[in-house]
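This is the structure:
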């Protein structure tokens, strides 16, 4: 019996892939993003255990909603790839039910080791879409923002391109952090090298997760940063699409 550790589920999500989504938030993440609105998913030992069978039993009751809306199941986090075997087993069962499968990932644990690549190859065979968070193109500023380099994350983007896995790129727009024009242009240049990008989403930074940081006794590092203006959102959308033909769509994460 395959056991996974999850944080929570959202049964009628509308922003994490096409149509109505059953969203599973996995427990555990290696990044420590300064704007994270789910810091309670960081620790790999927290959350609750569940089985693929338990999730499938619950998911099946939402089949009519998936069929009517073109929706399906999205596995988010935390970081789903930390539990790659569990997600692969789950997605195999979902494909038996003809359910659309999506992974929302930052690629923070991606590795080019043969062992990990074999596992991810199997997962991608049953994955219809990847929502890929590209947080900053500059390696130093990415390190400051997330606590980790972006080099393996960019390699993950290239891997998905080589495997021809459909991708929606997501970029959280944080004033003074990730909304600099030069960085946005650099990100646009990188995205233009990928042939598998179907959509680019600019996600305006918000403060809705501050209460979680406070509850956990953590100091929220961006408490003095306000959400971006509409003009800056439109500017980011314009730049990110300047070298790419996909259409823009933005919303709050």
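Residue numbers (my numbering): 1353 to 1605. Beta carbons are placed, not taken as given, at the ideal position from N, Cα and C, and that holds for glycine.
query                                                                                                                                                               : result
Do the stretch 1518 to 1536 and the stretch 1576 to 1583 make contact, defined as three or more Cβ pairs closer than 8 Å?                                           : yes
Would you kindly check if the distance between the Cβ of residue 1486 and the Cβ of residue 1523 is under 8 Å?                                                      : yes
Residue 1421: which of 1478, 1365, 1554, 1594 sits nearest, CA to CA?                                                                                               : 1365
Which value, in whole angstroms, describes the spacing of the CA atoms of residue 1448 and residue 1478?                                                            : 10 Å
Going by beta carbon distance, what residues of the same chain come within less than 7 Å of residue 1474, once the five residues before and after it are set aside? : 1440
With a 10 Å radius around its C-beta and 16 neighbouring C-beta atoms as the bar for buried, classify residue 1604 as buried or exposed.                            : Here residue 1604 scores only 26 on pLDDT, less than 50, and its place in the model is too uncertain to base an answer on.
Do you know offhand how far residue 1319's Cα is from residue 1497's?                                                                                               : Outside the displayed span of the chain (1353 to 1605) sits residue 1319, for which this structure offers no information.
Helix, strand or coil, according to DSSP, for residue 1445 in the structure here?                                                                                   : helix
Report the option in 1445, 1401, 1374 whose CA atom is closest to the CA atom of residue 1418.                                                                      : 1374
Using three-state DSSP, classify residue 1394 as helix, strand or coil.                                                                                             : coil
My parser needs the beta strand (DSSP E) runs of 3 or more residues fully inside the stretch 1494 to 1574; what are they?                                           : 1519 to 1525, 1549 to 1556
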